[in-house]
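The sequence shown stops at residue 206 when you use numbering that gives the first Met the number 0, and every number in between is there. We put the beta carbon where it would ideally sit given N, CA and C, even for glycine. Each remark here refers to the structure printed beneath this line.
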Amino acid sequence: MSYNLENQTLAFAGMCQAAALVQQVARQGTIEDKDTLSCTLNSILATDAAQTVDIYGNHDNVRLGYQTLIDQLNSDSSKKNAELTRYLVGLVALERKLAKRRDLLAMLGERIQQVKRQLHHFELLDEQVLANLAGIYSDIVSPIGPRIQVAGNPTYLQQSLVQHQIRALLLAGIRAAVLWRQLGGRRRHILFSRKKLVAQAQSALRY
0 MSYNLENQTL AFAGMCQAAA LVQQVARQGT IEDKDTLSCT LNSILATDAA QTVDIYGNHD
60 NVRLGYQTLI DQLNSDSSKK NAELTRYLVG LVALERKLAK RRDLLAMLGE RIQQVKRQLH
120 HFELLDEQVL ANLAGIYSDI VSPIGPRIQV AGNPTYLQQS LVQHQIRALL LAGIRAAVLW
180 RQLGGRRRHI LFSRKKLVAQ AQSALRY
């Protein structure tokens, strides 16, 4: 995979997209754009992509992520969202801890292979598959802390399908955070290279 700003921006946009979808389902109880949901969750399973963009299919599948990145990092943006920032910070922090645990990374790989086998019998958005993805996050990622506290409508947050979607999307966010680090992304880039990231995201949206 090419180690450049375009790919780093794509990975960070993937994180932003997962966080935005978590917020959406937690507040509204559903995600209307099922294609965006599918592409985001499918990124968890794309473990042998030849190119970075193949993880999401194409740039168009990450439009929500690119726009969220722009809104969050643009210095003159009035659309910054503190809740999304908290989710992104949490994902990066969890990934840093996960990266130090080879035992957990091995378990993660095994569980992802189980989901791939499950897809021979079920659709990706079937509740059983979502529950399996959610279980990977709950069993392997979440316990290493710090836990990400998701805010939303309590009525929706009590529903098992919503809980499964949130945890599966957080796992997708971790996947993007792993990719971001593999491509050379660092926390300091969010602070000091935000203009470059925003410009690259704006360029990607013009395609």
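Between the C-alpha atoms of S37 and V61 there is a straight-line separation of about 11 angstroms.
The beta-carbon distance between T8 and L204, rounded to whole angstroms, is 11 angstroms. This is too long to meet the 8 angstroms contact definition. In the three-state DSSP reduction, Q199 falls in the helix class (H, G or I).
Put simply, the backbone Cα of L83 is about 22 angstroms away from that of S159. Closest in C-alpha terms to S42, from the list R100, I111, H120 and E94, comes I111. Y206 sits exposed, since fewer than 16 C-beta atoms from the chains shown fall within 10 Å of its C-beta. Short of 6 angstroms from the beta carbon of M106, and not among the five residues preceding or following it, lie these beta carbons of its own chain, in chain order: I139. D32 and F11 have their C-alpha atoms spaced approximately 20 angstroms apart. R85: member of the alpha helix (DSSP H) spanning A81 to A98, first to last residue.
With the rule of 3 Cβ pairs closer than 8 angstroms, the stretch 55-73 does not count as touching the stretch 110-129. Within 10 angstroms of the beta-carbon of N6 lie 16 or more other beta-carbons, which makes it buried. For Y65, the secondary structure class from DSSP, reduced to helix, strand or coil, is helix.
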